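Data block below; observations after.
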Amino acid sequence: MNRRRFLTIAAAFAACPARAGVPQVWTGRALGTEARIVLHGADRQTAAGIFARVEAELAQIESHFSLHTDSALVRLNRDGRLGHPAPEVTELFALAGRIHAATGGAFDPTVQPLWLATATGGDTEGARRLIGWHRVRVAPEEIRLSPGMALTFNGIAQGHAADRIAALLRGAGFGDVLIDVGEVAALGRNGAREWEALIAAPDGAELARIGLCDRALATSSPMGTRIGGGAAHILDPRGGRPHWSTVSISAPDAATADGLSTAFCVMDRAAIDRALAGFPGARIEAIA
Numbered sequence: 062m063n064r065r066r067f068l069t070i071a072a073a074f075a076a077c078p079a080r081a082g083v084p085q086v087w088t089g090r091a092l093g094t095e096a097r098i099v100l101h102g103a104d105r106q107t108a109a110g111i112f113a114r115v116e117a118e119l120a121q122i123e124s125h126f127s128l129h130t131d132s133a134l135v136r137l138n139r140d141g142r143l144g145h146p147a148p149e150v151t152e153l154f155a156l157a158g159r160i161h162a163a164t165g166g167a168f169d170p171t172v173q174p175l176w177l178a179t180a181t182g183g184d185t186e187g188a189r190r191l192i193g194w195h196r197v198r199v200a201p202e203e204i205r206l207s208p209g210m211a212l213t214f215n216g217i218a219q220g221h222a223a224d225r226i227a228a229l230l231r232g233a234g235f236g237d238v239l240i241d242v243g244e245v246a247a248l249g250r251n252g253a254r255e256w257e258a259l260i261a262a263p264d265g266a267e268l269a270r271i272g273l274c275d276r277a278l279a280t281s282s283p284m285g286t287r288i289g290g291g292a293a294h295i296l297d298p299r300g301g302r303p304h305w306s307t308v309s310i311s312a313p314d315a316a317t318a319d320g321l322s323t324a325f326c327v328m329d330r331a332a333i334d335r336a337l338a339g340f341p342g343a344r345i346e347a348i349a
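Heads up: the sequence shown begins at 62 in this note's numbering, then just goes up one per residue.
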């Protein structure tokens, strides 16, 4: 899938006071999208070592959740079972279950067969019969799917990656960092000011401009990428259609913001407000 997020982070290096020093910047790719990290408080040599650790962590996340490599997720979809999943895998499954319940099933990683059928002109009605998070069995020793099921974590994995990198950098002693791996985690400040996020619609129109400090941001646009001759790439597992063209959510962690922004695209405002009540730290930053 192409990048479905329409989020621009304005680092505003020139606006940083001289005492803040020159930030170190890493760019690369993660989970199929362009990635970028802006790090304050490190010289070039120190940053090189830290960024090497970042790349290793991103490779590990790809090995768990990518749909384009021989990842744990690909093996689970192929075999119907995954023995002894890594703790971070079961943790993300648990969060997915929480978001699934809070959104009344609007967030459901078992939508993958429907996504593939829609993208390829396949049997969408047959694919709908394979959807059902309640049929996913998760235990420390094994994750198991019912026959024919398949999962995608494209609606939450980029946020998970941002959180993992944030934890790595925080643990290394860095408190002023911007992490953009498709979804954003902002630690501390950008010099004397907060990190600034410009939230834009798929056509580039500005929807909002907000400051971020120790907070994450995720933005989803159903028609940002089209599949199967023009269908929205964010599908309602329950059979509905998108209610919004763009939804942007901030939260203390990026995985929660990511999952909620994905689900909210196919929910009405009353249902969104009910779901938000289950995540007191999350809030809507833009919805259109």
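Virtual Cβ for every residue (Gly too), placed ideally from N, Cα, C. Fair warning: this is a prediction, and the values are worked out from it, not measured in the lab.
Reduced DSSP category for residue i - H, G, I as helix; E, B as strand; rest coil
i    : result
G158 : helix
N138 : helix
I204 : strand
E255 : coil
I334 : Residue 334 is actually Asp in this sequence, not Ile. Here D334 sits in helix by DSSP.
I240 : strand
L273 : strand
V115 : helix
L191 : coil
A247 : strand
I291 : The amino acid occupying residue 291 in the given sequence is Gly; Ile does not appear at that position. G291 falls in the coil class under three-state DSSP.
A225 : Reading off the sequence shown, one finds Arg at residue 225, where the question assumed Ala. Helix at R225.
R198 : strand
G232 : helix
Beta-bridge pairing of residue i - partner residues as DSSP gives them
i    : result
N215 : Bridge partners of N215: none, in fact.
T280 : S309
W87  : I98
A324 : DSSP, once it has assigned bridges, lists no residue as partnering A324.
I348 : V308
A261 : E267
L143 : I204
Burial state of residue i, where buried means 16 or more other Cβ atoms lie within 10 Å
i    : result
E95  : exposed
A103 : buried
A200 : exposed
G252 : buried
G144 : exposed
C326 : buried
P283 : buried
S207 : exposed
A155 : exposed
G285 : buried
V83  : exposed
G232 : exposed
P341 : exposed
H195 : exposed
Residue i: CB within 8 angstroms of a non-hydrogen atom of the ligand PLP
i    : result
A163 : Summarising the ligand content, the structure contains no ligands, and the ligand PLP is consequently not present.
Q: Would you be able to state if there are at least three C-beta pairs under 8 angstroms between the stretch 125-138 and the stretch 185-200?
A: no
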